[in-house]
Amino acid sequence: MDVMLMAHTQLTQAFKDKVSQWGVTDGQAVALTAIRTCYSSNKPAELFEIEGEKYFGQVATDGGTGSEADRLIRHIVKSKHTSTLEHIDFHFVISGVSRSLLAQLTRHRVGFSFSVQSQRYTKFGSGDKSGGFKFVVPDSVKKNGIKIEVDGESTDALYFESKADLLFLESMAHAQKTYDKLRELGIPAEDARAVLPNAAACNLVMSANLTALLNFYSKRKPGSGAQHEISQFAERLKEEVVNVEPWTKPFFEGQ
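Each residue of the sequence shown is one higher than the last, beginning at 199 in the numbering used here.
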């Protein structure tokens, strides 16, 4: 699984100049503008000149960390007025996740957009450019077996000693052979793909706003009862977001 943040909400230069003195992130500036627009008589474009020092230049009055802006955002999240955080967007490039994960992921529709590698137009025959379909081995199947050494060295290749692992690999190999044979018989890729398993890996571009990501994480995070693969995926999304917008970390952690 590979999850990378490709782009995220950025201020225009005009607004960067307005907030540069406080050293805040672009996402935090957007959040404050959206929140204060709901409650202020000032114009959104003038908020930083009039209210910037009050919120970004003052220590939080609720006893929490950060500035008054941090305090205000904490209050907004606690009161569930999180529509104001929908203005902050994140765009991810993702590869090596299973179609099983994709089926679960696309149930989260509000605030998400997906562009997914097509099994209709991308051909997955052994002799095609793809070299055949890749697949994701469930964690429980991996743990059921014992990885062996090849030429005295541990390998990441799928060599295991349990019946579960061997059965899984045999099933993947059979699916590949069946797909290849169907294509040889003139069956188009859009129909031959019907034999590809839920474990088949896929690539996608995904965009989501901050409110949607927080909601997704709360339902799919490790310990939530979600399947292992999508829980690890949720954790990777969180890491990518927090890396560029550190102030969001407490909200992923439910604080």
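Glycine included, C-beta positions come from ideal geometry on N, C-alpha and C.
Inclusion of ALA398 and PHE450 in the CB contact set at 7 Å is not warranted, their separation being larger than that value. Boundaries of the beta strand (DSSP E) around SER293: 287–296.
Rounded to whole angstroms, the separation of the alpha carbons of VAL291 and GLN302 is 18 Å. Scanning its chain for C-beta atoms nearer than 8 Å, with the 5 sequence neighbours on each side dropped, one finds around LYS327 the residues LYS321, in chain order. In the displayed model, HIS206 falls within a strand according to three-state DSSP. Here DSSP, grouped into helix, strand and coil, assigns ASP200 to strand.
If you draw a straight line from the Cα of PHE333 to the Cα of GLY325, it is about 17 Å long. Nearest C-alpha to GLY250 among SER239, THR263, ARG234: ARG234.
One alpha carbon belongs to VAL403, the other to SER311, and they sit about 8 Å apart. Assigned with DSSP and collapsed to three states, ALA398 falls in strand.
In the DSSP annotation of this structure, VAL334 is not part of any alpha helix (DSSP H), being labelled neither H nor E. Looking at the DSSP output, PHE312 sits in a beta bridge with MET404. DSSP, reduced to helix, strand and coil, places SER422 outside both helices and strands of the structure shown, so it counts as coil. For VAL222, the secondary structure class from DSSP, reduced to helix, strand or coil, is coil.
Under the DSSP definition of a beta bridge, SER239 lacks any partner. According to the DSSP secondary-structure assignment, SER265 is paired through a beta bridge with VAL257. Residues MET199, PRO420 of the same chain have their beta carbon placed closer than 8 Å to that of GLN430, with the five preceding and five following residues left out of the count. Of the residues assessed, CYS400 falls on the buried side of the cut-off, its CB having 16 or more other CB atoms within 10 angstroms. Taking one beta carbon from each stretch, the region 363–375 and the region 435–447 have fewer than 3 pairs nearer than 8 Å; the two do not touch. Within its own chain, the residues whose Cβ lies closer than 7 Å to the Cβ of MET204, once the five positions on either side in sequence are excluded, are HIS289, PHE290, VAL291, listed in chain order.
Look at GLN317 here: in three-state DSSP terms it is coil, with no helix or strand label.
Here ARG305 is exposed, its C-beta having fewer than 16 other C-beta atoms within 10 Å.
Per the Cβ contact rule, the region 215–233 is in contact with the region 253–267 (3 or more Cβ pairs under 8 Å).
Using a 10 angstroms sphere on the CB of ARG318, the tally of other CB atoms stays under 16, which defines it as exposed.
Boundaries of the alpha helix (DSSP H) harbouring HIS372: 361–382, taken from the DSSP string. DSSP places LYS278 outside any alpha helix (DSSP H), giving it a letter other than H or E.
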